Every structure is written in structure tokens, then in C-alpha cells.
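Engineer: Numbering (my numbering), first residue to last: 160 to 932.
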Amino acid sequence: MDLGLGAYLTASAADRLGHRPDFFRTTDPSDRARLKELLERTAGLHVFDELPSQLEELVKSLNPAVRYTKDELRAAALAHPGTTSLEDYGVWVHYPWANRLVHLLDEEEFVRVRTDRNRNKITRNEQERLARLKVGVIGLSVGQSVSLTMALERGFGEIRLADFDTLELGNLNRIRSGLHHLGVNKTVNAAREIAEIDPFLKVTCFPDGITKANMDRFFHEGGDLDVLIEECDSVDIKILSRQKARSMRIPVVMDMSDRGCLDVERFDLEPDRPLMHGWIDHLDLEAAGRPMTAEEKVPYMIPISGVETLSARMKASVIELGQTVGAWPQLATSVVLGGALAGDVVRRIALDQFHGSGRWFVDLDELIGDPSPPARPPSGAAPEFRLGGDEMEAIRSTLGPGTGTAPPGDRLEQLVQAGGAAPSAGNAQPWKFLWHDRRLLLFHDQGRSASFWDPDHFIAQVALGTCVENVVLEAHGMGLEVQVSAFPVKAVPALVAAFEFPADRTSVAEAHDADRLVPMIGVRCTDRKNVARVALPDGLKDTLDRLASGIAGCRAHFVEDPQRLDALARICGAAERIRVVNPIGHREFFHHELRWTREEAERTRDGLDIATLEVSIADDAGLRVAADPKAMALIDDWRGGRGLERLSGRALRAASGVALISVAQDDPLGRLNGGRAAERLWMAANAAGWAVHPVSAPIFLGRAAAMLGEGLRDHERTELLDLHQQLLTLWGITPRHPLFMVRLSPAHGPSVRSLRLPVEKLWLSPLASPLPA
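Structure representation (C-alpha cells):
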């Protein structure tokens, strides 16, 4: 049904940019004629005449010491215009966009009355100084709050507003406006609001936003700006406007609308001050003026936003961007607070009452909040691994005297160093060595590998298997025969393996089928780079499976087709998400395993240097955001975190293939052997020019889910068990057991290699017996 709205809609949209009211001073004959014409031709005009009450306020303002009765005040107010009639006194102001006509005191008296309650927080003299202030505001979401706050306080004489965007329904969670303004340019909307507060304030709109073409006009036309308030989303304009402000020696103020964060750069006092406090000096600022993709903007936005100082809720929301949240969140309370903070600082800058540069926080959650729970004491270093007298006696009595040769001490050091070069989950390096009675003994240092996710030492035993393989291969490289006894002393479960070096080859000595891998011991590495996908050659798969199968009970399997890789990506991504959202898993990964700087990595020489993860700047920022346990607690509460699946998911979808080591028996010996097979596969793949990246989370997390009691929530357990079952179905290797999984891709070499503990840290101390000479 046609309601006949077309003509009305056309008329309503006729002037979408109008924001200046019309003034009529009826003592001027031309203005009187214009007003008469307006009244005659304008249908439905709303007229407001409260001039008598304004005159009463004026009289009180002029005579603050006089105590008027109500009648006296009315008489004094009516007498104030003298011979001028009330109708002709002051000014009539017409607001075309609202079809309103308002009768006001004229500018001088209007300003006196409207600012009367400012005194003496702002003196008359200070108010006059502020009336000469020219302020520019770029970005009219937060900027609208700043502009209106300053208008209310009459903190400027002229304001220039720049924003290309129009008001949308989603903006009304934080922008003070009405639904009838939807579709109106934000600068026009703010200008109209200011005009309805004070029609004498000069407002200039830049409804196309700030561009290189109009920037000079914004800063100079009508007189140079005195202060810039920058609240835009565009990286290029943030930088270009600051460069311009610095060249003009004017201050820049920016509210972040999170944690009451206010940023001030006093280029007026420090003309050589670096932009954004020097946080972006390492970046190409000229490049910022060119069009950039969202990914290219990240290096600039990270230091500007101060990722690590964001509130927990903002950090959690950042993780959810593009998943359950569509845009950067802002709250009215934060925006209104920001308007107050920025307006206050601009006033004090203009009145020479504030001179600082920097970033300040008025965090209401911290200033007005419940008492914080006592901080968890920091975790101490893992206790040093030692053997007791009873354990040493059990080893002596069980193993008896050794019969092998005793390699020289430097050769033993070389063997231990080779063992220490083996891979381990989180680069924990859970091994200790002891030369005792003509045997090299390998122990599990449980203090180094202790993990919530490894209740039965599955992960550590796989790593210890890689260490065993390295020792065997290194011995063969020296021309030594080697005999390995796994878990030889039941009374000492920490004793993983005993190596003897018989003078001649025996039936129980280790086979030499993988000796060609000896040169790869120091070359083998993790390479997490994502590169263009290339198909795995059949010969490579055959070689890797043959080497893995040379260890008892072990096999290698491969997945290459994109659909199955996509399924693996979903499984691994979901497992990794649970791993880091779980509070205990989060603490282990972010606060014990990751090394956030190269200095920290070099000091500890263990854990994962963040540089080895080969993450983009955006993903690095995401990890730093996710490191906040409060943010993760919110993600957990929201049942979110899908964004945390991207890293591993992206890597697996780009892989040439994924290799899986399986074992016939899931017991300590089977895991040890599986680790040996994994090390062979890894070194052989590297030798053939293929990068290896472990992606075993769904294997060990699924096992842990079936065993863990406290610390794992029911929904996590249910999902992990389901993911583990999906993994088993995808590989189809039952009744064999999945042990270790790696991504394969063309090798380009890691940017950074994980560091290893020095060899002297790998020996048990003090040694139970000296090294052979």
C-alpha cells in the first residue's frame, strides 16, 4: 500500500549537510522582514520564547551580591531591555533541520549567562582566552563526546570537525543522538548538537574527512589551529595529521576509550618530539601515507593502541574480532569519560596549566573496584634433579659392573651434547646424564617436563626417545658400537636408558640402518614458516616410513589431500584453543613455556622463543593479548576463542602433508621407541629439504582428557575426547596408537633456532663417578 511518503522523504533529505542556524535581530529592518517571511511560509514551525527567564538569570549574574525576591527579580529582568520591546530584544535563532525558532539573549549576554556557573573553576579572563581557541577534531565517534563536552564548557571559540562517515544505528551505543539523525554525516550531526547548545560557537565541518588534499585547509583556513584532537581509525591520517601538527608546533590529544587512556603529545613545547612517543620510529612513516591492507596497518596500530595495556575485556574482544565480534568495541561510559578527559586536558593546555606529554590512565575498574584477590606466588624454578643413595645402590645391584669400553671424556661430552640437541615439547629438555661404571645413563628430569597435560609422562617419554636416537647415532658416527637397555631398573623409574659401548658388534648392539643421518643431528630443526604448497614425492614417504619402521613397533603414515588436511586443521586448531584457554594450560604456555624476548631465550636457553613461531606481527600481537589471564578468563566464560585456532589451522591447510608416527604398544617402551622413530623421520625429512613442524596437540591432549581429574572442566574433557576420536577416525590406524604428528612443507630455514642448555647443565651433579680420562 502506497502511504504517500515519497514527497516527505524527499523534502526531509533535501539538506543533509545543513548545520548552521539562521540569526534574526528584529531591530534590523531586513532581519525583521526575513523573520516575517519565515513565519508566513514555514508550516509547523515550533517557536520557543523563554527570554524573560534568561533575563532573570542575566540580572542575577550581573548582581551576584543582591538578594532579589521573586517579584523584584522579575521586575529587574523586565526593566533590563530599557525601551526595546521584549520581542525585539536579543536574537531569534532558527534551526532549519529541526524547524525550531528560539528567542535568546544576544551573544555577549548569552555567553555570560551560559558560562556563569563555570566560575571560578574557569575565571572570566580564562573564559575569554578559551573563546579565542581554535580546535580541530578528527573522528566523530569518540570525537563527538569530546566536542560536545568542550561546547558545554565553552572551551573553544571555533571547532573544526572532520569525519567522512554517517551515523548508523550501531553508533548509538556511544554517540549521543536521536534515531531521526541516522544517515546524517557525523560531523553535521555533532555540529547541529553544538549549535543547539550554543549557536554562537563557530563550527566548520569537513564531511569528507581529512585527506592529503584538504589537510592544509583543515589546519589553516580561517586561522591556524591551536590544538588537534585526533580520534580517527585511519593509520595514515593518524600519522599525517601528527606530522602536520608537529610542523605547526601544536599539541595533539587522543582518547583511547579504554581504561580511561589519554595520550598527549606536546609538539608545541617539544618541536622535535618523535611521533607517538617514538613507538613507531622504527616504521616507514612515509609508507603509512599510502593505501594499506589491514595486515599492513597492524605494525602501526599495535604501538599506537598499546596492546599490552588494553583492558582485559578489550583484549578478549580483540581475540574475538572476526569471530563473535564484528568491530572494535566501545562503550558509552568509556566514550563519555574520554570526552571529559580530553576536554579537561585541552582546556588546561590552552590556559598553560598542563605541560606534559605521555599516556595516562583513569581506569575505573582499578580506581573503583572490589578488592583484588591475593596474587599467586610466582612459580619457583624446577627442583634440581638428584639421585638418592638408595637409587644409586639399586642401579649398582641391578645392572652390575659394566663390560663395555670407556670412551674418552671428550667423546662422552660429545655424546651428551648430541642427546641434548634432540627435540622436546616446549623445548623443555627433560634429560640428565651420568657416567657410571662404564655406562652412560640417561635419566628423566621430571622437574623440567612437569606439565598439567602430561600426567603419565607420555610427552616426556617421546622426547627422551629422540634423545636416545641421537646418542646412538652419534656413537655410530664415532665408530662405536652401542647397546641400549631401556628402563633397566624398575626401582628407579627415572632411569630411562643405559648405554654400553661394547668393543665389538654383538647381537644386541644397535643396528646401523640410519647412520647416514649422523650429520643431521646438529642440523635438524623446527621450521614453522608457511610457504607455497608442493606435493610430497613418493620416494620421500617411502624413505621416511622405512626409517621409522626400523624401530621396533613403529610406522609412519601420511595425509596429503586438502580435505583431510582441512579436517586435521580443525582438529588441531580446536585442541590448541582448549590448551591455552584452560587456566592451567594458559599459565603453562604463556608464563612458563614462551620466551617473549631473545634476551630471555638466551638467558634460560630453554622454552620457546616467540621468534621460532614464525608469526606475523598481527599474530604476535594476538599472542601478547592472549597472554593476559584475565582476558582469557573472559574468553573462557564466553565460550569463545575461535580466533586462537587460526595459527595452527593456517599452517596445516598450507602443508604439503602431515606425517604421523604410530606405535604398536602405548607403554613407556613403545613411547621411547616412537620418539626414536620420530627423530629419524625428522632428520631424514630435513636432509631431503623438507621443513618439519610438530602438531601433536590433539594426540597428547586427548590422552590427558581421559586421565585428568581436577583442572579440566567437563566441557573441555568432552570436546577433547571427541577431537581425539575424530583424529583416530581420520587416520584409520586402529589398533595402532598415534604418537607424534608433524607438518611437512618445503624448507626455507627457520628465522631463529631454539637454544639448548649447555652440556655442563646436562650432567648430574655431583657426578657419582668421574669421567674417563
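Every residue, glycine too, gets a C-beta built ideally from N, C-alpha and C. Here the structure is a predicted model, which is why all the values come from computation and not from measurement.
For a test of the three-state rule: what should DSSP assign to HIS514, helix, strand or coil?
Structural biologist: Coil, per DSSP.
Engineer: Can the beta-carbon of GLU752 be found closer than 9 Å to that of LEU767?
Structural biologist: Yes, these two residues count as a Cβ contact at 9 Å.
Engineer: Taking the continuous beta strand (DSSP E) assigned at ILE318, which residues delimit it?
Structural biologist: That run of the beta strand (DSSP E) goes 317 to 321.
Engineer: Between the stretch 630 to 639 and the stretch 558 to 576, do three or more beta carbon pairs fall short of 8 Å?
Structural biologist: Yes: the two stretches touch, three or more of their Cβ pairs being nearer than 8 Å.
Engineer: Since I believe HIS603 is in contact with PRO582 (beta carbons under 8 Å), could you give me their beta-carbon distance rounded to a whole number of angstroms?
Structural biologist: PRO582 to HIS603, Cβ: 16 Å. No contact.
Engineer: Roughly how many whole angstroms lie between the Cα atoms of SER538 and ALA734?
Structural biologist: Caution is warranted here: a pLDDT of 49 is assigned to SER538, below 50, making its placement in the model unreliable, and the coordinate value is therefore given only provisionally. SER538 and ALA734: Cα-Cα distance of roughly 25 Å.
Engineer: Considering only C-alpha positions, which residue in the set GLN884, PRO614, ILE334 and ARG736 is nearest to PRO897?
Structural biologist: It is GLN884 whose Cα lies nearest to the Cα of PRO897.
Engineer: Could you tell me the distance, in whole angstroms, from the CA atom of ILE769 to the CA atom of MET460?
Structural biologist: Those two C-alpha atoms are separated by around 20 Å.
Engineer: Under the DSSP definition of a beta bridge, which residues are partnered with ILE388?
Structural biologist: Partner(s): VAL296 and VAL412.
Engineer: Quick one: what's got a C-beta closer than 7 Å to ARG664's C-beta in the same chain, skipping five residues either side?
Structural biologist: Cβ within range, chain order: GLU640.
Engineer: With a cut-off of 8 Å on the beta carbons, I'd call LEU574 and LEU599 a contact; round off their distance for me.
Structural biologist: With 8 Å as the limit, LEU574 and LEU599 qualify as a contact, their Cβ atoms being about 6 Å apart.
Engineer: Going residue by residue through the stretch 762 to 837, where are the continuous alpha helix (DSSP H) segments of at least 4 residues, counting only ones entirely within it?
Structural biologist: Listed in chain order, the complete alpha helix (DSSP H) runs (minimum 4 residues) inside the stretch 762 to 837 are 776 to 785, 788 to 796 and 805 to 812.
Engineer: Three or more C-beta pairs under 8 Å: does that hold for the stretch 206 to 224 against the stretch 385 to 403?
Structural biologist: With the cut-off at 8 Å, the stretch 206 to 224 and the stretch 385 to 403 do not touch.
Engineer: Since PHE602 sits in a beta bridge, which residues does DSSP pair it with?
Structural biologist: Partner(s): LYS591 and LEU654.
Engineer: Below 8 Å on the Cβ atoms is my guess for ILE737 versus GLU875; work out the distance and round it to an integer in Å.
Structural biologist: The pair is a contact, with the Cβ atoms about 5 Å apart (cut-off 8 Å).
Engineer: Just grab the DSSP bridge partners of LYS361 for me.
Structural biologist: In the DSSP output, where bridge partners are listed per residue, LYS361 has GLU317.
Engineer: I need the straight-line Cα distance from TRP922 to LEU546, nearest angstrom please.
Structural biologist: Cα to Cα, TRP922 sits roughly 12 Å from LEU546.
Engineer: Could you check what DSSP says for MET900 in three-state terms: helix, strand or coil?
Structural biologist: Three-state DSSP puts MET900 in a strand.
Engineer: Under 8 Å, with one C-beta from each stretch per pair, do the stretch 712 to 720 and the stretch 817 to 831 reach the 3-pair mark?
Structural biologist: Segments in contact, yes.
Engineer: Between which two residues does the beta strand (DSSP E) containing GLU424 stretch?
Structural biologist: It spans 420 to 424 - the beta strand (DSSP E) in which GLU424 sits, taken as one unbroken run.
Engineer: So ARG401 and LEU360 are in contact, right, with Cβ under 8 Å, and what is the actual spacing, rounded?
Structural biologist: So it is not a contact: roughly 26 Å between Cβ atoms.
Engineer: For GLU747, count neighbouring C-beta atoms within 10 Å of its own C-beta (all shown protein chains included) and say buried if the count is 16 or more, exposed if not.
Structural biologist: By the neighbour-count rule (16 or more Cβ atoms within 10 Å), GLU747 is buried.
Engineer: Would you kindly work out how many angstroms separate the C-alpha atoms of ALA235 and VAL294, rounded to a whole number?
Structural biologist: Straight-line Cα distance between these residues: approximately 38 Å.
Engineer: Distance check for ASP414 and VAL423, CA to CA, integer angstroms please.
Structural biologist: Going from the Cα of VAL423 to the Cα of ASP414 covers about 9 Å.
Engineer: Could you tell me which residues DSSP pairs with LEU916 in its beta bridges?
Structural biologist: Answer is none; LEU916 lacks a bridge partner.
Engineer: Please identify the residue among VAL272, PHE183, THR308 and THR702 whose C-alpha is closest to the C-alpha of ASP672.
Structural biologist: It is THR702 whose Cα lies nearest to the Cα of ASP672.
Engineer: Out of ALA609, ALA823, VAL630 and ILE439, state which residue places its alpha-carbon closest to the alpha-carbon of SER708.
Structural biologist: Ranking the options by Cα distance to SER708, first place goes to ALA823.
Engineer: Buried or exposed for GLY527, please, with buried defined as at least 16 other CB atoms from any protein chain shown within 10 angstroms of its CB.
Structural biologist: The identity of residue 527 in the sequence shown is Ile, whereas the question assumes Gly. By the neighbour-count rule (16 or more Cβ atoms within 10 Å), ILE527 is not buried but exposed.
Engineer: Round the Cβ separation of PHE377 and ARG405 to the nearest angstrom and send it over; I've been treating them as touching at under 8 Å.
Structural biologist: So it is not a contact: roughly 15 Å between Cβ atoms.
Engineer: To which residues of the same chain is LEU428 closer than 7 Å at the C-beta, ignoring the five residues directly before and after it?
Structural biologist: Within the same chain, LEU428 has close Cβ partners HIS514.
Engineer: Along the chain, where does the alpha helix (DSSP H) containing PRO853 start, and where does it finish?
Structural biologist: Element bounds for PRO853: not the alpha helix (DSSP H) but the beta strand (DSSP E), 849 to 853.
Engineer: Please name the residue in GLY481, SER393, MET842 and GLY698 whose C-alpha comes closest to that of LEU676.
Structural biologist: Ranking the options by Cα distance to LEU676, first place goes to MET842.
Engineer: Please say whether PRO240 and TRP248 have beta carbons closer to each other than 9 Å?
Structural biologist: According to the sequence displayed, residue 248 carries Tyr and not Trp. Going by C-beta atoms, TYR248 is nearer than 9 Å to PRO240.
Engineer: With a threshold of 8 Å, are at least 3 pairs of Cβ atoms found where one atom belongs to the stretch 468 to 480 and the other to the stretch 798 to 805?
Structural biologist: Verdict: yes, contact present.
Engineer: In the DSSP assignment, what residue or residues form a beta bridge with GLN620?
Structural biologist: Partner(s): none; GLN620 has no beta bridge.
Engineer: Count the other CB atoms within 10 Å of the CB of ASN689; is the residue buried (16 or more) or exposed (fewer)?
Structural biologist: Flag for ASN689 reads buried.
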